[in-house]
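Here is the structure we will look at.
6 protein chains.
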Amino acid sequence: MGMQSKPVRASTTYISDLMSPPDANLRGSVFGGKVLAMVDKAAAVCAMRHSGRPCVTVAMERVEFLVPIRVGDYLVAEARVNHVGRSSMEIGVEVYSEDLEKGDRRHTNSCLVTMVAVDPKGRPCPVPRLLIETREEKARFAAAELRRKARAA
Amino acid sequence: MGMQSKPVRASTTYISDLMSPPDANLRGSVFGGKVLAMVDKAAAVCAMRHSGRPCVTVAMERVEFLVPIRVGDYLVAEARVNHVGRSSMEIGVEVYSEDLEKGDRRHTNSCLVTMVAVDPKGRPCPVPRLLIETREEKARFAAAELRRKARAA
Amino acid sequence: MGMQSKPVRASTTYISDLMSPPDANLRGSVFGGKVLAMVDKAAAVCAMRHSGRPCVTVAMERVEFLVPIRVGDYLVAEARVNHVGRSSMEIGVEVYSEDLEKGDRRHTNSCLVTMVAVDPKGRPCPVPRLLIETREEKARFAAAELRRKARAA
Amino acid sequence: MGMQSKPVRASTTYISDLMSPPDANLRGSVFGGKVLAMVDKAAAVCAMRHSGRPCVTVAMERVEFLVPIRVGDYLVAEARVNHVGRSSMEIGVEVYSEDLEKGDRRHTNSCLVTMVAVDPKGRPCPVPRLLIETREEKARFAAAELRRKARAA
Amino acid sequence: MGMQSKPVRASTTYISDLMSPPDANLRGSVFGGKVLAMVDKAAAVCAMRHSGRPCVTVAMERVEFLVPIRVGDYLVAEARVNHVGRSSMEIGVEVYSEDLEKGDRRHTNSCLVTMVAVDPKGRPCPVPRLLIETREEKARFAAAELRRKARAA
Amino acid sequence: MGMQSKPVRASTTYISDLMSPPDANLRGSVFGGKVLAMVDKAAAVCAMRHSGRPCVTVAMERVEFLVPIRVGDYLVAEARVNHVGRSSMEIGVEVYSEDLEKGDRRHTNSCLVTMVAVDPKGRPCPVPRLLIETREEKARFAAAELRRKARAA
Chain A
1 MGMQSKPVRA STTYISDLMS PPDANLRGSV FGGKVLAMVD KAAAVCAMRH SGRPCVTVAM
61 ERVEFLVPIR VGDYLVAEAR VNHVGRSSME IGVEVYSEDL EKGDRRHTNS CLVTMVAVDP
121 KGRPCPVPRL LIETREEKAR FAAAELRRKA RAA
Chain B
1 MGMQSKPVRA STTYISDLMS PPDANLRGSV FGGKVLAMVD KAAAVCAMRH SGRPCVTVAM
61 ERVEFLVPIR VGDYLVAEAR VNHVGRSSME IGVEVYSEDL EKGDRRHTNS CLVTMVAVDP
121 KGRPCPVPRL LIETREEKAR FAAAELRRKA RAA
Chain C
1 MGMQSKPVRA STTYISDLMS PPDANLRGSV FGGKVLAMVD KAAAVCAMRH SGRPCVTVAM
61 ERVEFLVPIR VGDYLVAEAR VNHVGRSSME IGVEVYSEDL EKGDRRHTNS CLVTMVAVDP
121 KGRPCPVPRL LIETREEKAR FAAAELRRKA RAA
Chain D
1 MGMQSKPVRA STTYISDLMS PPDANLRGSV FGGKVLAMVD KAAAVCAMRH SGRPCVTVAM
61 ERVEFLVPIR VGDYLVAEAR VNHVGRSSME IGVEVYSEDL EKGDRRHTNS CLVTMVAVDP
121 KGRPCPVPRL LIETREEKAR FAAAELRRKA RAA
Chain E
1 MGMQSKPVRA STTYISDLMS PPDANLRGSV FGGKVLAMVD KAAAVCAMRH SGRPCVTVAM
61 ERVEFLVPIR VGDYLVAEAR VNHVGRSSME IGVEVYSEDL EKGDRRHTNS CLVTMVAVDP
121 KGRPCPVPRL LIETREEKAR FAAAELRRKA RAA
Chain F
1 MGMQSKPVRA STTYISDLMS PPDANLRGSV FGGKVLAMVD KAAAVCAMRH SGRPCVTVAM
61 ERVEFLVPIR VGDYLVAEAR VNHVGRSSME IGVEVYSEDL EKGDRRHTNS CLVTMVAVDP
121 KGRPCPVPRL LIETREEKAR FAAAELRRKA RAA
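Protein chains in written order, with the working numbering: chain A, 1 to 153; chain B, 1 to 153; chain C, 1 to 153; chain D, 1 to 153; chain E, 1 to 153; chain F, 1 to 153.
Below you can see the structure in the form of structure tokens.
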């Protein structure tokens with residue numbers, strides 16, 4: 001109340017990195033843990049940008065690892081706010097991997113992360129509402145609303 | 001076929017670590033990414049012990065982060081095989097955090113990880129069946145069976 | 001020769017990260033070395049995207065560190081090709097830091113990096129020419145041309 | 001005095017990890033330093049569990065590295081209290097390495113670590129006495145007592 | 001004024017390390033970012049030794065990467081004060097790489113770093129003057145003086 | 001036989017670093033594991049310089065941690081060959097810590113490390129004999145000889 005709503009694009013966030021040997025096993029496949037750490041960081045920055053507050057991770061939904069990522073790939077985690085509650089935000093994160101020699105870019109993972117904004121004492125505090133501007137954003141908001149109700153039920 | 005089945009206890013795995021400053025933000029709260037990296041490692045070691053093969057992470061189910069973990073805590077990720085398919089294994093991972101000065105230990109996260117055993121060319125290959133020995137193991141197997149069918153449907 | 005030229009936008013690259021405690025000294029100021037590592041990675045990915053080849057860093061020009069970066073800031077290194085020679089590329093990298101609670105974004109560093117594309121034996125090999133599309137790109141190309149001549153002289 | 005004694009099993013501690021490329025040299029052999037860091041952490045957690053206090057490492061006895069450890073191995077450092085003085089504790093740490101494909105587990109290192117419990121100002125403070133329950137614990141206590149006298153002499 | 005001048009040799013500093021897999025790409029070449037992080041640390045320690053104050057990096061001049069550095073090499077960054085202003089110091093850093101099996105040592109990089117000493121509030125504060133003792137030090141001081149004037153012009 | 005002997009000074013090695021937050025616990029005290037990793041690296045570089053071969057750590061003698069090391073300190077591990085056998089070398093490592101603001105340097109740890117030179121198949125291979133040049137080197141050689149005999153007995 002009284003807090004101005006914010007558009008999705010104002011907090012869309014990218015965390016990106018070049019995969020190097022410490023990120024992978026001996027066969028050159030990047031660890032799932034590395035990908036999830038980037039997903040968590042992207043969601044956290046996105047939520048902090050939307051709320052202007054420190055934010056904590058509350059839940060991460062199912063993630064699939066169907067496309068292997070290699071050392072030498074360029075990895076991008078792209079996070080945007082799908083939905084906001086009073087103090088919680090559902091952040092959608094898409095991960096893309098690019099083979100820099102072949103030049104092809106593949107979608108490797110999707111993940112939904114729930115973040116909560118907290119005050120200096122660590123208690124949940126209200127966040128701005130979401131200003132929906134595009135048809136895609138509307139669809140993502142509606143899908144998140146359904147998931148929310150399903151989880152509450 | 002012909003491959004001997006293995007009991008759950010033969011592959012139960014612990015990954016444990018003392019949380020230090022690089023694992024946390026400035027307020028001393030451990031990053032979700034650090035926890036998920038330990039969950040992924042525990043599941044991988046557990047699956048490799050059961051199958052005797054290199055294994056890759058296929059999916060990680062919803063994880064909640066309801067209990068904050070602090071720098072200085074001792075963290076344990078405990079992984080056991082819940083269910084096996086032809087080449088896939090569902091691994092259940094429980095995470096516990098211990099405050100070493102107060103001496104109390106809390107359950108902080110639960111997570112289900114699907115791993116697949118692969119041959120030297122990276123193709124899925126068969127894994128031993130699971131020898132169920134306790135009532136708890138039976139219940140976990142049945143629950144995993146239901147999840148599997150729900151996902152297939 | 002025969003190699004198609006590529007537009008600047010096709011290889012523009014972002015490396016971005018949330019600054020955490022290991023990136024800083026005890027007073028919370030991020031090390032110059034962390035910033036330069038991100039600059040080097042951004043330039044390398046940009047050069048590999050333009051050339052489709054492994055690339056090595058040949059030189060990094062003067063960098064100033066006039067604006068302090070803090071743990072908790074979101075840092076972005078933005079790299080684009082300014083100029084190409086036969087096998088070398090001058091990459092311009094701009095670094096921006098964002099205070100996620102205040103929401104302000106500041107330009108913190110500028111840097112010019114010279115990269116060379118190499119073949120599997122590590123020998124320099126030709127790279128596509130640069131397709132100049134905007135007035136800004138033209139100005140950057142001309143400025144790089146002058147620097148190149150000054151250095152040759 | 002007045003402080004209750006604690007059994008050895010109450011503080012037995014495991015630090016365990018999957019060895020990855022950053023832990024090893026180019027030939028895939030894990031650095032001694034990685035092993036010793038795990039030994040030090042296991043001893044510290046064990047001592048903090050016994051004393052309920054922050055603890056500092058005072059000395060580490062001779063360690064031998066006779067069995068090579070490889071990237072991909074699962075490593076466990078197992079720590080237990082051998083003996084306690086007024087504020088010092090002798091912790092015995094055994095390290096085991098498991099080849100996950102072959103399934104064999106080998107003992108790789110033994111190490112004795114002396115830890116001291118400290119108060120908030122960093123001064124040594126008293127720790128609970130040790131409740132000896134098994135013949136093995138008794139033997140380890142006696143051996144530690146002899147080492148202690150030998151060192152004092 | 002009133003502050004005693006200090007000789008160059010009193011603050012000459014070495015940062016040295018054995019290059020390991022996390023420092024390099026898959027082909028075994030050490031990242032420029034690793035080298036620059038060592039250069040920055042060497043300059044910072046050198047400036048703190050000369051001034052007895054915390055110091056911040058203000059600028060790093062052009063660095064060339066003409067000699068590749070390999071995993072397994074022993075790398076040394078050698079820093080000395082070339083020139084001092086009121087609160088700023090120009091530090092010259094030379095990097096040497098040694099192939100430990102062949103036993104040959106090569107000069108790989110040169111770099112000039114400007115550091116500023118700061119008081120507890122982060123404001124620039126005066127530093128001791130430089131006591132020039134050798135012909136080489138005199139030449140380096142004069143060259144730095146020229147660069148300083150060129151930059152001011 | 002036929003292999004030329006080498007002086008101690010030819011392989012004397014320094015590994016040095018500025019202690020940063022990831023190297024320490026929350027109270028700012030550097031982990032013993034960080035110190036031992038630097039000791040191990042210094043001994044390894046020293047042994048490789050003497051033998052011109054890859055070397056593996058065979059044993060590390062008792063180390064005491066009596067002087068605390070702080071984040072912000074400059075740490076140096078200084079390694080020299082004390083004694084050589086057919087393929088083994090005893091390396092003495094001394095660790096010094098410098099408080100950069102106060103300017104005082106303290107000896108913090110001493111450690112003896114036994115390294116063995118290996119051929120490409122990992123088998124022990126002969127190393128050059130040691131050319132003793134100073135009285136100190138002679139004393140260290142004699143003391144190592146005594147330790148060696150004591151261990152053999």
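Yeah, the Cβ is synthetic: ideal placement off N, Cα and C, and Gly gets one too. All of these numbers come straight from a predicted model, not from anything done at the bench.
Going by DSSP, B:Cys-55 is part of no alpha helix (DSSP H) but of the beta strand (DSSP E) stretching over 55-60.
For A:Val-39, the enclosing alpha helix (DSSP H) stretches over residues 32-51. Using a 10 angstroms sphere on the CB of D:Ala-43, the tally of other CB atoms reaches 16 or more, which defines it as buried. Assignment of A:Lys-102 by DSSP, reduced to helix, strand and coil, places it in the coil class. For B:Lys-6, the three-state secondary structure derived from DSSP is strand.
Under the DSSP definition of a beta bridge, E:Gly-92 partners with E:Arg-80, E:Leu-112. Distance from B:Gly-32 to A:Asp-40 at the Cβ level is roughly 5 Å; contact confirmed, criterion being Cβ atoms closer than 8 Å.
The residues Pro-126, Val-127, Pro-128, Arg-129, in chain order, have a CB closer than 8 Å to that of C:Met-3 in the same chain once the five nearest residues on each side in sequence are set aside. Interface annotation, E:Phe-65: in contact with chain C, CB-CB separation under 7 Å.
Spatial neighbours of C:Val-116 in its own chain (CB-CB distance under 6 Å, excluding positions within 5 residues in sequence) are listed in chain order as Val-56, Val-58, Ser-87, Ser-88, Pro-124. Beta-bridge annotation (DSSP): E:Thr-13 is paired with E:Ala-79. Considering only D:Tyr-96, D:Leu-131, D:Glu-64, D:Ala-139, the residue with the shortest C-alpha distance to F:Arg-151 is D:Glu-64. B:Arg-135 has its alpha-carbon roughly 22 Å from the corresponding atom of B:Val-95. Residue-level contact check: C:Lys-121 does not touch chain A, since none of the beta carbons of chain A fall below 7 Å from its beta carbon.
F:Met-19 has its alpha-carbon roughly 19 Å from the corresponding atom of C:Leu-36.
Residues of chain B with a Cβ closer than 7 Å to the Cβ of D:Tyr-74 are, in chain order, Val-45. Beta-bridge pairing by DSSP links D:Leu-131 to D:Pro-7.
Taking a C-beta cut-off of 8 Å against chain B, the contacting residues of the stretch 31-61 of chain D are Lys-41, Ala-44, Val-45, Met-48, Arg-49, Gly-52, Arg-53, Pro-54, listed in chain order. Chain order gives the chain A residues near D:Val-71 as Asn-25, Leu-26, where near means a beta carbon separation below 9 Å.
Between E:Glu-61 and the set E:Gly-52, E:Val-93, E:Lys-34, the nearest pair of CA atoms involves E:Val-93.
At the C-beta level, B:Ser-16 and B:Pro-68 stay beyond 7 Å of one another. Using a Cβ distance threshold of 7 Å, D:Ser-11 and D:Cys-46 count as a contacting pair.
Identification of chain C residues near B:Pro-21 by a Cβ-Cβ cut-off of 8 Å yields Pro-21, Pro-22, ordered along the chain. Nearest Cα to C:Asp-119 within the set C:Asn-25, C:Ala-153, C:Gly-52: C:Gly-52. Per the coordinates, the alpha-carbon of B:Pro-21 lies some 6 Å from the alpha-carbon of F:Asn-25. Taken atom to atom, the span from the alpha-carbon of D:Ile-132 to that of B:His-107 is near 30 Å. The three-state secondary structure of D:Arg-140, taken from DSSP, is helix.
Excluding five sequence positions before and after F:Asp-104, none of the CB atoms of its chain fall closer than 6 Å to its own CB.
In this structure, B:Glu-101 sits away from B:Tyr-74, with a CB-CB distance that is not shorter than 7 Å. Closest in alpha carbon position to B:Arg-27, among B:Val-84, B:Val-71, B:Arg-148, is B:Val-71.
Excluding the 5 residues flanking it on each side, D:Ser-110 has same chain C-beta neighbours closer than 6 Å at Glu-94, in chain order.
Counting only the Cα atoms, C:His-83 lies some 15 Å from C:Thr-13. In the same chain as D:Ala-144, and ignoring 5 residues on each side of it, the C-beta atoms closer than 6 Å to its own belong to Asn-82, His-83, Glu-90, in chain order. Assigned with DSSP and collapsed to three states, F:Leu-18 falls in strand.
Thr-13, Tyr-14, Ile-15: these are the residues of the stretch 2-15 of chain F whose beta carbon lies less than 8 Å from some beta carbon of chain E, given in chain order.
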